[in-house]
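In our numbering, the protein residues as written are 1 to 236. Glycine included, every Cβ here is placed at the ideal spot set by N, Cα and C. Small disclaimer: the values here were computed from a predicted structure and weren't measured. Read through the structure below, which is laid out as structure tokens, and then see the notes.
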Amino acid sequence: MLPLVLIDVDGTLVGESGVPTPAVWEAAHRAIDRGQHLALATARPAFAQTWDWATRLDPDGWHLFQSGTSLVHTGTGAVEHTPLPDGAIAALAATAAEHDWVLEVYDDRSIAVDSDAPLAVAHAGLLGIPHVRRPLASLEGVAVRAQFVVPIPEAGAARDAAPPGTVGHSATSPAMPGAAFVSITAAGTTKASGAAAIARLLGVDLASVAMVGDGNNDAAVLAAVGHGIAMGNAEP
């Protein structure tokens, strides 16, 4: 039996409905009853319905949020994170203004987005929060991730716009077709690094870890763990 199974959210845990189906929860509970540890491994932040899903999978364990740059323990609230480098947000804001892209900035438990564009409003709905426009500088915590929300054809350009000291990786959601979510994190920080950190915290060999995912941002972690499982709808 594999002791740790990491689960992506969009396109894996949830489909077009935007919420896990009863069949998904039944399968998850069977795994939990077998003694397996289930943890989210998502680009989403640790709040709203995503936090609720994490606590349902494991109310007292580590989960991987924000593409690996933010690990949060559902029981204690403990956090391990990697901040964005100095100057990254200013550079990303300039790029967003140049291309008319939505830019979101996150700390471990909240978001700032200075836009009322339809993609910004729709993404708030996907996350299960009201859309509130506020300056990027109003973020209270340490900025751990930024994200461009762009039309899918512009995802490659948005990934390439990651400033020095950062890396870009993208994902999509069947619940928000046509949009790409391009995470910008500190260089070397991905779902793969986050998976290695969770395995270390749990004392589990990475070779005994499974990961289920479907997106561009899952490719590295699917290759890094011992048991990478790509969804049938996964990106080529």
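Go through its chain and collect everything with a Cβ distance to residue i's Cβ below 8 Å, but skip five positions before and after it.
i    : result
A46  : A54, H63, F65, Q66, S70, V72, D108 and R109
S138 : A112
A39  : L4, V5, L6, I7, A54, L57, D58, G61, W62, H63, L64 and I198
Keeping to the same chain, check which residues put their C-beta closer than 7 Å to that of residue i; ignore five residues upstream and five downstream.
i    : result
A197 : L71 and E80
T166 : L84, P85, A88, I184, T185, A186 and A187
Q36  : M1, L2, P3 and V5
E16  : P174 and A175
CB residue i to CB residue j, shorter than 8 Å?
i    : j    : result
A158 : V182 : yes
E104 : Q147 : yes
R145 : L222 : no
G194 : G75  : no
G125 : A48  : no
T95  : A161 : yes
V14  : A175 : yes
I think residue i touches residue j, with their Cβ atoms under 8 Å apart; what is that distance to the nearest whole Å?
i    : j    : result
L4   : V209 : 5 Å
D214 : N233 : 6 Å
A192 : D10  : Rounded, the Cβ-Cβ distance is 18 Å, inconsistent with contact.
Quick one: using the 10 Å Cβ neighbour count with 16 as the cut-off for buried, is residue i buried or exposed?
i    : result
A180 : buried
H266 : This structure does not reach residue 266, given that the chain is present from 1 up to 236, and the question cannot be answered.
L23  : For the record, residue 23 in the displayed sequence is Ala; it is not Leu. Result: exposed.
**OP:** Scan the region 157 to 200 and note each continuous beta strand (DSSP E) run of 3 residues or more that stays entirely inside, going in chain order.
**Re:** 166 to 172 and 179 to 186
Original post:
Hey, which unbroken runs of the beta strand (DSSP E) at 3 residues or more fall wholly within the region 49 to 115?
Top reply: 62 to 65, 70 to 73, 79 to 81, 102 to 106 and 111 to 113
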